[in-house]
Amino acid sequence: MIEIPSDLHKDLVPLVFLLGDWAGAGVHDFPGSEKCNFGQEVTFSHDGRDFLEYHSHTWVLDNDGNKVRPLESESGFWRIDADRKVEVTMTRDDGVIEIWYGELAKQKPQIDLVTDAVARTAASSPYTGGKRLYGYVKSDLMWVGEKQTPDVELRPYMSAHLKKVVTPEDVERWAKALPDDMPDDGIAFFK
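Numbering (my numbering), first residue to last: -13 to 177.
Shown next, in the form of structure tokens:
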């Protein structure tokens, strides 16, 4: 269920499908790095201003799905303009700062992003740019990331399938919003 918070900045309404806490798993595979499955937690939040705040934490999973160690963390800010152009500023734990530009697709909740600028600290690994695709599919958030380095051409390296984290407060709010005349069998409600 997508809800538009009353205090959400009006410019962010097209990005409302991103809001909330998300959790799931994915695959990491890039030359020179360990190929692995990973877990991920993502939060998109807002404070009434014209941007979404973004935080992502990933960790390596063992064959049983247990956390082994941190993989990557990143945080940033997402904006959108009246022409559905999206801009993202992002900082990653490995010493990379990126500016991404892209677009929200028409008629579907899908965002394509491409790096416009990359700044790296001396301690960061080689990286020259990337692409990302985010999509809201059947109430889930899915994404795929591509990256390139001076030695590796642009190629997919991470993708994940995330589910919305539901809190007890969410369930209580949804229960209070149910109509009083809900049929006992629940089936008539869908007719």
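Glycine included, C-beta positions come from ideal geometry on N, C-alpha and C.
May I have a chain-ordered list of the beta strand (DSSP E) segments no shorter than 3 residues that lie completely inside the region -3 to 80?
6 to 14, 22 to 31, 38 to 47, 53 to 66, 71 to 78
Could you pull the DSSP bridge partners for valine 104 from this structure?
Glu84
C-alpha gap between phenylalanine 3 and isoleucine -12, whole angstroms:
6 Å
Taking the alpha carbon of tyrosine 113 as the reference point, which residue from Leu99, Ile66, Thr135 has its own alpha carbon closest?
Considering only alpha carbons, the answer is Thr135.
Check whether the Cβ atoms of methionine 144 and histidine 14 lie closer than 8 Å to each other.
yes
By how many angstroms is the C-alpha of valine 28 removed from the C-alpha of histidine 43?
Approximately 7 Å between the Cα atoms of the pair.
Rounded C-alpha distance that separates glycine 18 from serine 111:
11 Å
Which value, in whole angstroms, describes the spacing of the CA atoms of isoleucine 97 and lysine 150?
Isoleucine 97 and lysine 150 have their alpha carbons spaced roughly 18 Å apart.
Near aspartate 126, which residues of its chain fall below 7 Å by C-beta distance, leaving aside the five closest residues on each side in sequence?
His147, Leu148, Lys149
Do aspartate -3 and isoleucine 66 have their beta-carbon atoms positioned less than 8 Å apart in this structure?
yes
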